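Enquirer: Residue numbers (the numbering used here): 39 to 647. Ideal Cβ placement from N, Cα and C applies to all residues, glycine included. In this text the structure is predicted, and so the values were computed from the model without any measurement.
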């Protein structure tokens, strides 16, 4: 659920100078001064803003009206963006070594975290490949040939996901899974070319490769960031292992020992999600035998005929209850909230800032489900972050790091408790306290299940970008990581020309994924901090900060910082801590871990009999 990939890439390649930047590049090679550096930054940020607005509009049209023409338009503005980004980054290097004010030094650093293509043809090719892969993903369909004259029966990703979510027919699940993963090989060659070009651009700015450039975005050396990710994973791995073991036993009961082995990796098509990153759809199989609540938010929303606008208004009211502004009128006029009947769009939920004022939008095909209720709360987290740091200088108009941007809406979503649902009129009576395990289990099926997936997606790409994993081994390495970190395997043999990684939107669109892993950690740390600010002292999983202005003010203070300070300072502003800590997540799910361990011990004893 990212911010638009074109806009998120602002962190990686700040759109920069127009033709005027060429003048800077052509200036006499005299020793630069601090005054020159300050003028350069002021002129650059003014021009950055204009170019960013242009490329954002091009990207918006390209994602909402998928045609060859709009793909070309998006590519055109992306190319202008890349050209200017390269010019500005190179020009900024002239000022390296100057003793600048901390704010200016940070801007210079951020400005140089970009790809540079000296060759105009390479810039054009890069932009075209990016647009083509994004378009191919959005248009992909699985088609089954019919014997009669009615033509092929084709299914879009959304339709296939519904089958995976609801069916318990193992053969049908396998068909849907394989059908979707058969689409991405069509753009494997484009991805291979894209990786090579991207690395060229990263190396021209002094990075070893694009993966190293990505890891350099976190106010620490790339190798230190890799170590930090592994540290955090090891901290929370015991909780994931307990959930995986419990899920194995339940899937084994459902599909039998011939499909689900007692040990070793589990076939990935059985987890209710195309990428097995979210296991919420398995909850009916996994819920506790006693004590689980029968409340069904999806059913309530559907029975009330809650439309997309009303779903969004529920989320807006949460943020305004914290003291934040109402969404601008233009948000409601310009957002895409439902899937159009007359055209292809990229339905993957995303939030967009279209200018430096208040043109913020959502692109999402909203349906009245509990999942989308959570997702729209998440997406508005991006929107309110945009609005909060809108007064920052252009180069600071971003999250403290990309994990922060993803964590804000998820932090709010943790407050979607029974108490919150009662307050907004979606639940008549809160479940008994013994229903906590069911609620925690359901939340863990998304928050805990995604952890190894979110970590390993970029771990795979770091190896791809470094050249450690060659195109011929894309699938081999992908599934080695799936098995090592997720305990899963491919439901059929690997194909020699396969590209299963490309069946994930963020790979096709080249959106870094470490942010989701970090966001999963940060949101619980934020939640714990806001609950403390609100004066809450009970179990962390029962806390909702809805309608608490004090907690809202604390959150808003951090949001307004944008990227103006290194992320540890932003973390300290909200939590008092300057290091990411998986302990908050473990605290939140502590009652569930105790329950899972007891269940797994009972299952293991039964298997031995």
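#1: DSSP three-state call for residue 214: helix, strand or coil?
#2: Which value, in whole angstroms, describes the spacing of the CA atoms of residue 135 and residue 143?
#3: Give a yes or no on whether the C-beta atoms belonging to residue 11 and residue 263 are separated by under 7 Å.
#4: Can you say whether residue 84 is buried or exposed, counting buried as having 16 or more other CB atoms within 10 angstroms of its CB?
#5: Pick helix, strand or coil for residue 399, following the three-state DSSP scheme.
#6: Quick one: what's residue 388 bridged to in DSSP?
#7: In or out: residue 261 buried (at least 16 other Cβ within 10 Å) or exposed?
#8: Pick out the complete alpha helix (DSSP H) segments inside the stretch 191-254, 4 residues or longer, and give them in chain order.
#9: Leaving out five residues before and five after residue 447 in sequence, what residues of the same chain have Cβ atoms less than 7 Å from its Cβ?
#10: Taking the continuous beta strand (DSSP E) assigned at residue 137, which residues delimit it?
#11: Among the candidates 131, 116, 163 and 169, whose CA atom is the shortest distance from the CA of residue 105?
#12: How is the alpha helix (DSSP H) around residue 287 delimited, first residue to last?
#13: Does DSSP classify residue 604 as helix, strand or coil?
#14: When you compare each of 229, 228, 230 and 251 to residue 239 by their alpha carbons, which one comes out closest?
#15: Once you ignore the five residues that flank residue 59 on each side, which residues in its own chain have a CB closer than 8 Å to its CB?
#16: State the CB to CB distance for the pair residue 619 and residue 561, rounded to an integer number of angstroms; the pair is presumed to be in contact (CB under 8 Å).
#17: Quick one: give me the first and last residue of the alpha helix (DSSP H) that residue 581 is part of.
#18: Rounding to the nearest angstrom, what Cα-Cα distance links residue 66 and residue 235 in this structure?
#19: On the criterion of 16 or more Cβ atoms from any shown chain inside 10 Å, does residue 62 qualify as buried, or is it exposed?
#20: Should residue 354 go down as buried or exposed, given a rule of 16 or more other Cβ atoms within 10 Å for buried?
#21: Of the residues 233, 111 and 165, which one's Cα is nearest the Cα of residue 505?
#22: Among all the DSSP beta bridges, which residues are the ones paired with residue 527?
#23: Please name the residue in 282, 544, 178 and 173 whose C-alpha comes closest to that of residue 521.
#24: Can you list, in chain order, the residues of its chain whose CB lies under 6 Å from that of residue 451, leaving out five sequence neighbours each side?
#25: Contact defined as beta carbons within less than 8 Å: I believe residue 113 pairs with residue 383. What is the distance between those atoms, to the nearest angstrom?
#26: How is residue 493 classed by DSSP in three states: helix, strand or coil?
#27: Does the distance from the C-beta atom of residue 626 to that of residue 356 stay below 7 Å?
#28: Which whole-angstrom value is the C-beta distance of residue 226 and residue 535, which I expect to be below 8 Å?
#29: Assign residue 374 to one of three DSSP states: helix, strand, or coil.
#30: By DSSP, does residue 72 sit in helix, in strand, or in coil?
#31: Looking at residue 292 and residue 323, is the spacing between their C-beta atoms short of 7 Å?
#32: Pick from 429, 307 and 287: whose alpha carbon is nearest that of residue 218?
#33: Of the residues 230, 406 and 378, which one's Cα is nearest the Cα of residue 508?
#34: Leaving aside the five residues before and after residue 565 along the sequence, list all residues of the same chain whose C-beta is less than 6 Å from its C-beta, in chain order.
#35: Give the DSSP-derived three-state secondary structure of residue 46 in the structure shown.
#36: Let me know if residue 77 comes out buried or exposed under the rule of 16 or more other beta-carbons within 10 Å of its beta-carbon.
Expert: Here's the rundown:
#1: For the purposes of this step, residue 214 is taken as the residue at position 176 of the chain shown. Helix.
#2: Taking the first residue of the chain shown as position 1, residue 135 is located at position 97. Taking the first residue of the chain shown as position 1, residue 143 is located at position 105. Each residue's Cα considered, the two are about 10 Å apart.
#3: Given that the chain is displayed from residue 39 to residue 647, the structure contains no residue 11 and the question cannot be resolved.
#4: Against the chain shown, residue 84 aligns to sequence position 46. So residue 84 ends up on the exposed side.
#5: Taking the chain shown and counting its residues from 1, one reaches residue 399 at position 361. Under the three-state reduction of DSSP, residue 399 is assigned to strand.
#6: One-based indexing of the chain shown puts residue 388 at position 350. Its beta-bridge partners are 401.
#7: For the purposes of this step, residue 261 is taken as the residue at position 223 of the chain shown. Exposed is the call here.
#8: Runs found: 195-204, 208-219, 226-241 and 248-253.
#9: Walking along the chain shown from the start, residue 447 turns up at place 409. So the list reads 415, 416, 417, 418, 419 and 420, once near-sequence residues are dropped.
#10: For the purposes of this step, residue 137 is identified with residue 99 of the chain shown, where counting begins at 1. Residue 137 -> no beta strand (DSSP E), and no H or E assigned at all.
#11: Here the question's residue 105 lines up with position 67 in the chain shown. Residue 105 has its Cα closest to that of 169, out of 131, 116, 163 and 169.
#12: In the chain shown, counting from the first residue as 1, residue 287 sits at position 249. 260-293 is the extent of the alpha helix (DSSP H) around residue 287.
#13: In the chain shown, counting from the first residue as 1, residue 604 sits at position 566. DSSP, read as helix, strand or coil, puts residue 604 in coil.
#14: As a first step, residue 239 must be located in the chain shown, where it is residue number 201. If we check each option's Cα against that of residue 239, 251 comes out closest.
#15: By one-based count along the chain shown, residue 59 stands at place 21. Bear in mind that a pLDDT of 36 at residue 59, under 50, signals an unreliable position, so the number given afterwards is only what the model happens to contain. Closer than 8 Å at Cβ, skipping near neighbours: 82, 85, 122, 125, 126 and 129.
#16: On the chain shown, residue 619 is found 581 positions in, with the first residue counted as 1. On the chain shown, residue 561 is found 523 positions in, with the first residue counted as 1. Actually they do not touch by this definition, with Cβ atoms about 12 Å apart.
#17: What you label residue 581 is simply residue 543 of the chain shown in a count that begins at 1. Segment: none, residue 581 is in no alpha helix (DSSP H) and carries neither H nor E.
#18: Taking the chain shown and counting its residues from 1, one reaches residue 66 at position 28. Taking the chain shown and counting its residues from 1, one reaches residue 235 at position 197. In this prediction, residue 66 has a pLDDT of 49, which is less than 50 and means its spatial position is unreliable; what the coordinates show is noted afterwards. The straight-line gap from Cα to Cα measures roughly 31 Å.
#19: Residue mapping note: residue 62 aligns to position 24 of the chain shown, counting from 1. For residue 62, the pLDDT reaches just 39, beneath the cut-off of 50, and the residue's location in the model is therefore unreliable, although a value from the coordinates is still provided. When all chains shown are included, residue 62 counts as buried.
#20: Here the question's residue 354 lines up with position 316 in the chain shown. With 16 or more Cβ atoms within 10 Å of its Cβ, residue 354 is classed as buried.
#21: Reading the chain shown from its first residue, position 467 is the one you call residue 505. Closest option to residue 505, Cα to Cα, is 233.
#22: The sequence position of residue 527 within the chain shown is 489, counting from 1. Residue 527 is bridged to 305.
#23: By 1-based counting over the chain shown, the position of residue 521 is 483. The shortest C-alpha separation from residue 521 is found at 282.
#24: Working through the chain shown from its first residue, we reach residue 451 at position 413. Leaving aside the five residues that flank residue 451 on each side, the residues in its chain whose CB is nearer than 6 Å to its CB run, in chain order, 412, 415 and 416.
#25: Here residue 113 refers to the residue found at position 75 of the chain shown. Here residue 383 refers to the residue found at position 345 of the chain shown. Contact annotation, residue 113 with residue 383: C-beta distance approximately 18 Å; criterion of less than 8 Å not satisfied.
#26: The residue labelled residue 493 in the question sits at position 455 within the chain shown. Residue 493 falls in the helix class under three-state DSSP.
#27: Along the chain shown, one-based indexing puts residue 626 at 588. Along the chain shown, one-based indexing puts residue 356 at 318. No, the Cβ-Cβ distance between residue 626 and residue 356 is not below 7 Å.
#28: By one-based count along the chain shown, residue 226 stands at place 188. By one-based count along the chain shown, residue 535 stands at place 497. Sure, about 7 Å apart at Cβ, within 8 Å.
#29: On the chain shown, residue 374 is found 336 positions in, with the first residue counted as 1. Note: residue 374 maps to strand in three-state DSSP.
#30: The count along the chain shown starts at 1 and reaches residue 72 at position 34. Residue 72 falls in the helix class under three-state DSSP.
#31: Against the chain shown, residue 323 aligns to sequence position 285. Against the chain shown, residue 292 aligns to sequence position 254. Taking a C-beta distance under 7 Å as the contact criterion, residue 323 and residue 292 qualify as a contact pair.
#32: By one-based count along the chain shown, residue 218 stands at place 180. That would be 307, whose Cα lies nearest to the Cα of residue 218.
#33: Taking the chain shown and counting its residues from 1, one reaches residue 508 at position 470. Here the closest residue by C-alpha is 230.
#34: The sequence position of residue 565 within the chain shown is 527, counting from 1. Non-local C-beta neighbours of residue 565 in its own chain, meaning closer than 6 Å and more than five positions away in sequence, comprise 449 and 452, ordered along the chain.
#35: Residue 46 sits at position 8 when you count from the first residue of the chain shown. Annotation note: pLDDT 35 at residue 46 (below 50); position unreliable, coordinate value reported separately. For residue 46, the three-state secondary structure derived from DSSP is helix.
#36: On the chain shown, residue 77 is found 39 positions in, with the first residue counted as 1. So residue 77 counts as exposed.
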